[in-house]
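Engineer: Questions regarding the structure given below will be posed in turn.
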Amino acid sequence: MAIAQPHERVQYIVEGGFTLSGEIEPSGNKNAALPIVAAALLTGERVELTNVPRIRDIEVLVELIQSVGAEAKWLGRNHLEIKAENLRPADLDPDLCARVRASILLAGPMLARCGEVELPPPGGDVIGRRRVDTHFLALQQLGAEIKTNGHYHFKAEKLRGVDVFLDEPSVTATENALCAAVCAEGTTILRNCASEPHVQDLARFLIAMGAEIEGIGTNTMTIHGGHKLHGCTHKIGPDHIEVGSLIGLAAVTKSEITIKNAGVEHLRSTLMNFERLGIRCEIRGDDLYIPAEQEMKVQADFGGHIPTISDQPWPAFPADTMSIAIVTATQCEGVVMMFEKMFESRMFFVDKLIAMGARIVLCDPHRAIVAGKSQMRGSRLESPDIRAGMAMLIAAMCAEGTSTINNAQQIERGYERIDERLNAMGAKITRVPARA
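If you read the sequence shown in the numbering used here, its first letter stands for residue 64, the second for the next number, and so on.
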C-alpha cells in the first residue's frame, strides 16, 4: 500500500450531506502498535505483529528500527515481522525522529538492550508543550545516566528494579519505564502510571515475550524483571479513538452503522460522554451498533445547569477524542462546555469550525462553549494535527456543499485509508493525489 511520503501534500475534497450505512472495523490501535514495535527490540528472536495499522507514523518507526540493525518486513498489509538479532546503539536519524513523536519510545528498549542510546528531539503533532521529564526521571531511577546537548544521551551499565513514582501519568513515559523494567534486575513498582488500553496492550505483549507484570489496567504496576525475553506473535487491539471518531461521524451524518470488533470493554467513558450529547449506541457482543435516529440533544446537569465534557487520565474521557466531541456537539441541540485539560493548543482548530457556521466561544486555550445545532457550510480547511483533522473531516461530511481539507496527510498519520473505508459506506471523499 502506498503511504504518504514525508513531504507529500495530501488533499481531501469532501462532498457533504451524504448518509452512510453498513459495517466498518476499526484499525489496530496506533498508540499500541508504536510502543510494541519499539519493544520488539528487547529480543533478538523473531516477533510477528498482526492488525498493525499501515500508517505513516508506523512506517517511520519501522525505518528507525531498521536504521539501528533490526530486520523488519511486511508479510501482509497489516502483518509485520521484526527480528532485532544484531542491534547496535547507532545514532538515530534526526529527520526521521522529527517526523514522529514515538521515536522517544526507543529510549527504554534501546537502553535495556544495548546499554545506551542517543535520541534527537522527537517530533509529532503541534498541540502544545509535551514534556519529556517524566521519561527521564523514570529511567534515571532505574539506573540510567542522561546527558543533553541538543540530543538526549541515555547510558546504563546495569538497570536495577526500584520503586518509581511518575510525576504525571504519562502514557509514553509509562511505556518506556515498562520496557526498561522488564530487563532490570529485581522488582520494579511503577506508581501513578498510565493505564490506557494501549499501555495494557504493550504489557500483554511483554508478557507474551516472557515478562512478569502485575496490575495491568491499574495505576500501579509491579514488574518482576530479569526474565529472558523471547519472540512471540501478538495481535494489536482495536483503536478506541477511531471508534469514538466513527460514533461522532455516524451521529452527525444521521447514519446507521455497525462497528465490528470495537473493543467495547474500553468504551465506557466514551459512550457515557456521547450520551451526554444525546447519542446512544448499542453493544452487541463485540460490536457497537449506532442507530440512525438519535436524540442529538445535550443532556443538562441536575437543576438544568450547562454540562461539561472534560478529558482526564484513563479510564476517564480520552484527550484524543475531545476534538471529535467538539464537532459532534455543534450538531446537537443545547449548550455544552468542552474542557480540554492536557494540551494548550489542541482547541485552536475551532476557528475553522466557526468559519463553517458553528457557534463556539473559545474561552481560553483549554475551554470552549458549544451551542448547537448549527448548519455547517462547506469550506477550505487546513488540518493542523491528526485528531483536529479527523474532526474537520467529520464537519465537512455533515456540511452543506463541498469542503477542501489541505494537509490531510496529518489525518492519515492516525487513520488508515479512512477515505476509502468511508467511501465504501457511502461517503464522497476524493483524495488528491489518488493512491497508486
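Just so you know, even glycine gets a beta-carbon here, dropped at the ideal spot from N, CA and C.
#1: If you scan the stretch 137 to 193 from start to end, which runs of the alpha helix (DSSP H) of 4 or more residues do you find wholly inside it?
#2: Shortest alpha-carbon distance to I99 belongs to which of I128, Y75, I387, E181?
#3: When the Cα of Y478 is compared with those of V115, A153, E345, which residue comes out closest?
#4: Taking Cβ positions, are L444 and I468 nearer each other than 8 Å?
#5: Could you tell me the distance, in whole angstroms, from the CA atom of D230 to the CA atom of N255?
#6: Between I389, R339, G206, which lies nearest to H368 when the distance is taken from Cα to Cα?
#7: Looking at the structure shown, is I76 part of a helix, part of a strand, or coil, going by DSSP?
#8: Going by DSSP in three states, K400 sits in which element: helix, strand or coil?
#9: Helix or strand or just coil, what does DSSP make of S437?
#10: Using only the alpha-carbon positions, how far apart do H287 and C295 sit?
#11: Going by C-alpha distance, which of M173, V123, Q74 is nearest A102?
#12: Residues in the same chain with beta-carbon distance under 8 Å from D226, minus the five sequence neighbours each way, listed in chain order, please.
#13: Residue range of the alpha helix (DSSP H) that I118 falls in?
#14: Pull up the distance between the alpha-carbon of D427 and that of H303, whole angstroms please.
#15: Can you tell which of N282, G213, E277 has the C-alpha that lies nearest to the C-alpha of A236?
#16: Ignoring anything shorter than 4 residues or poking outside the stretch 186 to 267, list the alpha helix (DSSP H) runs there in chain order.
#17: If I measure Cβ to Cβ from D120 and keep anything under 7 Å in the same chain, skipping five residues before and after, which residues do I get?
#18: With a threshold of 16 other CB atoms inside 10 Å of the CB of S233, please say whether the residue is buried or exposed.
#19: Per DSSP, which one or two residues make a beta bridge with Y352?
#20: Okay, do the stretch 301 to 315 and the stretch 403 to 417 touch, 3+ Cβ pairs below 8 Å being the bar?
#21: Could you say which of H261, A247, V327 lies nearest to L292 if we only look at CA atoms?
#22: Could you give the C-beta distance for F412 and P381, rounded to a whole number, given that I count them as a contact under 8 Å?
#23: Per the contact definition of three or more C-beta pairs closer than 8 Å, is the stretch 319 to 335 in contact with the stretch 136 to 152?
#24: Measuring CB atoms only, is the stretch 76 to 84 touching the stretch 451 to 462, in the sense that at least three cross pairs come out at less than 8 Å?
#25: Let me know the secondary structure DSSP gives E479 once reduced to three states.
#26: If V361 and G397 are in contact, beta carbons under 8 Å, what's the gap, nearest whole angstrom?
#27: Label P260 either buried or exposed according to how many other C-beta atoms from any shown protein chain fall within 10 Å of its C-beta, with 16 as the threshold for buried.
#28: Express the C-alpha separation of E134 and A147 in angstroms, rounding to a whole number.
#29: So what does DSSP say about E338, is it helix, strand or coil?
#30: Only counting the same chain, and skipping five residues up and downstream in sequence, which positions put a Cβ closer than 7 Å to that of V262?
#31: Using a threshold of 8 Å, state whether the C-beta atoms of E319 and I353 are closer than that.
#32: Measure the alpha-carbon distance for A170 versus A271 and round it to whole angstroms.
#33: Which residues mark the beginning and the end of the beta strand (DSSP E) in which I457 is found?
#34: Can you give me the C-alpha to C-alpha distance between K210 and M410, rounded to a whole angstrom?
#35: State the CB to CB distance for the pair A490 and F81, rounded to an integer number of angstroms; the pair is presumed to be in contact (CB under 8 Å).
#36: If you drop the 5 nearest sequence neighbours on each side, which residues of the same chain put their C-beta closer than 6 Å to that of K136?
Structural biologist: Reading off the structure:
#1: 157 to 162, 170 to 177
#2: Counting from 1 along the sequence shown, the entry for residue 99 is found at position 36. Here the closest residue by C-alpha is I128.
#3: The residue given as residue 478 occupies position 415 in the sequence shown. Nearest of V115, A153, E345 to Y478, Cα basis: V115.
#4: As a working mapping, residue 444 is identified with position 381 in the sequence shown. As a working mapping, residue 468 is identified with position 405 in the sequence shown. Cβ distance < 8 Å, so L444 and I468 count as in contact.
#5: Position 167 of the sequence shown holds residue 230. Position 192 of the sequence shown holds residue 255. If you take the alpha carbons of D230 and N255, they lie about 7 Å apart.
#6: Here residue 368 refers to the residue found at position 305 when the sequence shown is read from its first residue. Minimum Cα-Cα distance from H368 among the listed residues I389, R339, G206 corresponds to R339.
#7: As a working mapping, residue 76 is identified with position 13 in the sequence shown. DSSP places I76 in strand when its eight states are reduced to three.
#8: Working through the sequence shown from its first residue, we reach residue 400 at position 337. Looking at the sequence itself, residue 400 is Met, so the reference to Lys does not match. M400: strand per DSSP, three-state reduction.
#9: The count along the sequence shown starts at 1 and reaches residue 437 at position 374. It is coil, neither helix nor strand.
#10: Residue numbering aside, residue 287 sits at position 224 when the sequence shown is read from its first letter. Residue numbering aside, residue 295 sits at position 232 when the sequence shown is read from its first letter. Roughly 19 Å between the two C-alpha positions.
#11: Here the question's residue 102 lines up with position 39 in the sequence shown. Answer by Cα proximity: M173.
#12: Here the question's residue 226 lines up with position 163 in the sequence shown. Hits under 8 Å: T251, I252, R254.
#13: Indexing the sequence shown from 1 puts residue 118 at position 55. No alpha helix (DSSP H) holds I118; DSSP gives it neither H nor E.
#14: For this step, residue 427 is matched to residue 364 along the sequence shown. For this step, residue 303 is matched to residue 240 along the sequence shown. Their Cα atoms are separated by approximately 28 Å.
#15: Here residue 236 refers to the residue found at position 173 when the sequence shown is read from its first residue. Out of N282, G213, E277, N282 has the C-alpha closest to the C-alpha of A236.
#16: With a minimum length of 4 residues, the unbroken runs of alpha helix (DSSP H) contained wholly in the stretch 186 to 267 fall at 196 to 204, 234 to 244.
#17: Taking the sequence shown and counting its residues from 1, the one referred to as residue 120 is at position 57. Hits under 7 Å: K93, L97, V163, A165, R476.
#18: Within the sequence shown, the letter at position 170 stands for residue 233. Looking at its Cβ environment, which holds 16 or more other Cβ atoms inside 10 Å, S233 is buried.
#19: The residue given as residue 352 occupies position 289 in the sequence shown. T321, E345.
#20: no
#21: Translated into the one-based positions of the sequence shown, residue 292 becomes position 229. Closest option to L292, Cα to Cα, is A247.
#22: Numbered from 1 along the sequence shown, position 349 holds the residue referred to as residue 412. Numbered from 1 along the sequence shown, position 318 holds the residue referred to as residue 381. With a Cβ gap of about 17 Å, F412 and P381 do not count as contacting.
#23: no
#24: yes
#25: Residue mapping note: residue 479 aligns to position 416 of the sequence shown, counting from 1. If DSSP states are grouped into helix, strand and coil, E479 belongs with coil.
#26: Taking the first residue of the sequence shown as 1, we reach residue 361 at position 298. Taking the first residue of the sequence shown as 1, we reach residue 397 at position 334. Between G397 and V361 the Cβ distance is about 3 Å, and since that is below 8 Å, they are a contact.
#27: Position 197 of the sequence shown, counting from 1, holds the residue named residue 260. With 16 or more other Cβ atoms from the protein chains shown falling within 10 Å of its own Cβ, P260 counts as buried.
#28: The residue given as residue 147 occupies position 84 in the sequence shown. The residue given as residue 134 occupies position 71 in the sequence shown. One C-alpha to the other measures close to 6 Å.
#29: Sequence index remark: in the sequence shown, residue 338 carries index 275 (1-based). Three-state DSSP puts E338 in a helix.
#30: For the purposes of this step, residue 262 is taken as the residue at position 199 of the sequence shown. Excluding residues within five positions, the ones whose Cβ falls inside 7 Å are V234, T237, E238.
#31: The residue you call residue 319 lines up with position 256 of the sequence shown. The residue you call residue 353 lines up with position 290 of the sequence shown. A contact, by the Cβ cut-off of 8 Å.
#32: Here residue 170 refers to the residue found at position 107 of the sequence shown. Here residue 271 refers to the residue found at position 208 of the sequence shown. In this model, A170 and A271 are separated by some 21 Å (Cα to Cα).
#33: The residue labelled residue 457 in the question sits at position 394 within the sequence shown. I457 -> not in any beta strand (DSSP E); alpha helix (DSSP H) instead, spanning 449 to 461.
#34: Here residue 210 refers to the residue found at position 147 when the sequence shown is read from its first residue. Here residue 410 refers to the residue found at position 347 when the sequence shown is read from its first residue. Near 34 Å, if we compare the C-alpha coordinates of M410 and K210.
#35: Within the sequence shown, residue 490 is the residue found at index 427, counting from 1. Within the sequence shown, residue 81 is the residue found at index 18, counting from 1. About 6 Å separates the two Cβ atoms, so the contact holds.
#36: Within the sequence shown, numbered from 1, the residue matching residue 136 stands at position 73. Here the set comprises E144.
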